[in-house]
Each structure stands twice: as structure tokens, then as C-alpha cells.
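Position one of the sequence shown corresponds to residue 2 (our numbering), numbered consecutively onward.
All C-beta atoms in this analysis are idealised placements derived from N, C-alpha and C, irrespective of residue type, glycine included.
For reference, the structure is listed below as C-alpha cells.
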Amino acid sequence: MLKGFFKVCLSIAAFSSPSFSFPANSSTLVTDNPKEIIDQVWQIIYRDFLDYSGKYKKEDWIKLRKQILSTKYFENSEAYEAIKDMLAKLDDPYTRFLDPKEFNEMRIDTTGELMGVGIQISLDEVTNEIVVVSPIEGTPAFFAGIKPNDTIVSIDGKPTENFSIDQTVKLIRGEKGTKVELGIIRDNKFLKISLIRDRIEINVVDSRINNTSLGAKIAYLRLKQFNAKSPKEMSLSINKLEKQNPFGYVLDLRSNPGGLLEASIEIARQWINTGTIVSTQTKDGITDIRKAKSRALTTRPVVVLIDEGSASASEILSGAIKDNKRGLLVGKKTFGKGLVQSVRSLSDGSGLTVTVAKYLTPNGKDINKNGIEPDIKVDLLLDDKVKLTNSDLGTLKDSQYVEAENILLRKYKSDRNNNNSYNPNKANINYALKR
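In C-alpha cells, the structure reads:
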């Protein structure tokens, strides 16, 4: 099964990631002592690392400290290699060291600007292969036809066998206008796909009003990822759509790989007025429960579209909506990424991403490797004659959207037939499934 991905928007736009958080700096002093950097990493792992695989042994980690600190390191680059070797023993692809350049690029990328081809990638824990979670809409990878679950077997002719996420990112990343060729396995067929790298500034929310034959307006919102810009873009879109008095909403989280944990919580609060949104559990069993704050921007009915590319923060949002009975989920089972990474800055400008917790839905479901099941399973119906473009999503050409719209229209007809005026405070639409 695929391990989730570390969605830190690494500026290639081949980013693998789950939800993550930025705590305070672990140190404010700049040091040229390589051993101090190593010890900072060791201390963070010892104190905070959540071992999901069960392979981490504290006594072995303690022995390792004496071993690595007894070695002489003349340059920081030597310490960096020692840190990477040390972290490899954890068997956690999401606990990773980033040198100062990589760490700075990552912090820039989480603002919503990427440089590269536009794919999110993951490491398959069984085959150790690099697998595409999803292309980013509107990027070179998206237009070239890269698809979820494509396996990247080569980059510019170089096999990716036993590659880490970092190694893959470094090869795909490059200057704007340069070419990179990916070797892809899809449905047991080998494909070569050439892409031109570009700087990608992502608008994370698409929205519009769809008019229906029954006269009801359906608001369509597509959220592409959870970065620092996402909560503001979502609130602006909801407020704009509310002025047009839609009957209900279709919130599209398909192929949304997730992102910032806090962004998912802020956006969930825009949809959910009361109740738990998510809880996080550390290695010590401490549970941090995040709740709604009675500040929802709309209480109209909502149907959420999900698929196998919906991961991490998307699963937090869709799980919260489902468990709070705020709306229905339509589509396919989600990716299954339930680990939280914290990003720590080190004293020389380098950084560490460390798995510190797992998150649970309001009903206590562990999402990692399990995913979230939709209330209504619907395939995206495609064949050789039907190719959905970006503009087709959220239209009658989109079979999953059609099912979501029909759910809302059944509720609309039920309200109208019962001579009930629309009550925007009644958001639970489960009864609309009755035919």
C-alpha cells in the first residue's frame, strides 16, 4: 500500500507530503559546529518522533548518539550525510533532513509558488517505487497527461530504483524552460513523457454558480491544495457565492494532496459551525482536539467530491464533514495519509521534518493507510471518446459531479413538494438519498 506523502511543496512541484505544522525555531543561534547540528537532530527525534512502523527502539537510538558523536566532522556537509544515514534507520520517508538551500526552498513553496513540473509524489512502502499521487492542475505535468498512480521509473534516462523522495525531487527540479523526461509505468505499459519546467503560481480555489433545469442554483467550489493562501481564498469564494443565494454547494477535493494542517482546520471552520474537526495523537498519547468555533460562513447543504488522490488535509476536511453529518461524500475512497510532520529549523539554517503525530477524524478513525470511504461510491466515467478537460470538471460531463448535484436537487424537490421554504440552517442532507 502507498505510504502517504509529505506535501511540503518542494519547489519542483514534485512534493510529497502530509499535513504539517511549523513550531517555534529549535534554536536561534547560528553555529559552525557540525556535531551540534547532528545532536540537535538526535534530540528532536528522541523527544518527539512518532514511530508508526514499530521499528524504532529508544535504546538503539541512545547507543547511536555515542557512535555518531565520537566521529570527527570537519565540514557541515559531512554532518549532513551522517544525519541522513541516522534518519534512514527510522524507516520513515517523511522524517527528513533538508540542507539550508532545500529548507529555504520548502518554506518559500508553502506560500503557494512552485518551480518545476507540477506533480505530487509518494514512496510505495512495499515496492519502494516513486508513485504519482496527483498532478497539479494547470501545470506542465497536468497538461502532459501525468495521472495518479503512475510509477516514475526513470528521470532523463536514469533509473529511479531505490531512489528516495529527495533524490527524485533533485532530478526533476530545474530551471524554468529546461526539459525533463520522465519514464512512466501505467497499466503495465512504459511511457516516456517530456515536460518543460516552469514556475507555477497556483490559485487554489475555483468557483462558480451552476444553474439547473429545476431553477436551483448549485455553487461549485474546487480546492486544489492546502497552502498558506487557501483559507483566505476559500473564505472569499464562499462569501462571493453566498451573495448569489445558491441552494447548496459541491465542494471538490478530488486529487487534492493536502498540505498545511492549520489550513485544513481553518477551512473546516468555514463549513462546520460546531463539533470536533480533528484530533492529533503524539507518541505519548497526548491528544490535541481541534474544534469548530461557531464561525461557519455557510450552513447550506454541501456534498463533497473525493477520490484516491484526496489525501492528508483533504482527508481531515472530508472526515470532519462526514463525521459531523455536515454533508455527504461522493466519489472514491481517499488516499489514506494520516501522519503529521512538524518542520524544525536548525541552528545553521538547515531543517528537519519529523513525524510527530497521527490524526484522527472526529469519530476517532485512524486515516493512515485506511483512507475515508465515500457515502456514495461513484466512478469517474471515462473512455476513449470522453476526455475530461479542466473546464469539464463540475459540469454535466463529470459523472461524479452529476451525482453530487442530483443529491442536492432531490433535497430541493423534497423541500418544494412539502411546501417548505428553504431553511439555510438545516445542513444535514442524508434524507435526500431516499428515492
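Residue burial classification, Asn369 (beta-carbon count within 10 angstroms, cutoff 16): buried
Can you tell me the Cα-Cα spacing of Ala80 and Gly350, whole angstroms? 14 Å
Could you pull out every residue in the same chain whose Cβ sits closer than 6 Å to the Cβ of Ser256, ignoring the five residues on either side in sequence? Ser135 and Gly310
Are the Cβ atoms of Leu222 and Ile307 separated by less than 8 Å? no
Member of Gly119, Tyr53, Ser392 and Lys334 whose CA lies at the smallest distance from the CA of Asp93: Tyr53
At least three beta-carbon pairs within less than 8 Å, the stretch 293–308 to the stretch 397–417: yes
Hey, which unbroken runs of the beta strand (DSSP E) at 3 residues or more fall wholly within the stretch 218–258? 218–224 and 249–253
Would you tell me roughly how many angstroms separate the C-alpha atoms of Lys414 and Val251, rounded to the nearest one? 17 Å
Could you check what DSSP says for Ser319 in three-state terms: helix, strand or coil? helix
Since Leu196 and Ile239 are thought to touch, with beta carbons under 8 Å apart, how far apart are those beta carbons, to the nearest angstrom? Actually they are not in contact, since the Cβ atoms of Leu196 and Ile239 sit about 34 Å apart, beyond 8 Å.
Cα separation between Val331 and Gln401? 7 Å
Please identify the residue among Glu182, Arg200, Ile201 and Asp199 whose C-alpha is closest to the C-alpha of Leu192. Glu182
Give the straight-line distance between the Cα atoms of Arg417 and Leu242, rounded to the nearest whole angstrom. 22 Å
What separation, rounded to the nearest whole angstrom, lies between the Cα atoms of Lys333 and Arg198? 31 Å
Can you tell me which residues form a DSSP beta bridge with Met116? Arg200
Using the DSSP secondary-structure output, state which residues sit across from Thr281 in a beta bridge. Asp289 and Tyr360
For Lys56, which residues of its own chain have a beta-carbon under 7 Å away from its beta-carbon, when the five flanking residues on both sides are left out? Asp92
Cβ-Cβ distance between Gln342 and Tyr95 below 8 Å: yes
Beta-carbon proximity check, Arg97 vs Thr354, cutoff 8 Å: yes
For Arg270, which residues from the same chain have a beta carbon less than 8 Å from its beta carbon, with the 5 sequence-adjacent residues on both sides left out? Ile278, Ala293, Lys294, Arg296 and Ala297
What are the start and end residues of the beta strand (DSSP E) that includes Arg327? Premise fails: Arg327 is in no beta strand (DSSP E) and is neither H nor E.
Kindly indicate if chain D contains any beta-carbon less than 8 Å away from that of Glu103. Included in the structure is just one protein chain, with no chain D present.
Helix, strand or coil: which one does DSSP assign to Ile38? helix
Straight-line gap, Ile268 to Gln282 (C-alpha atoms, nearest Å): 21 Å
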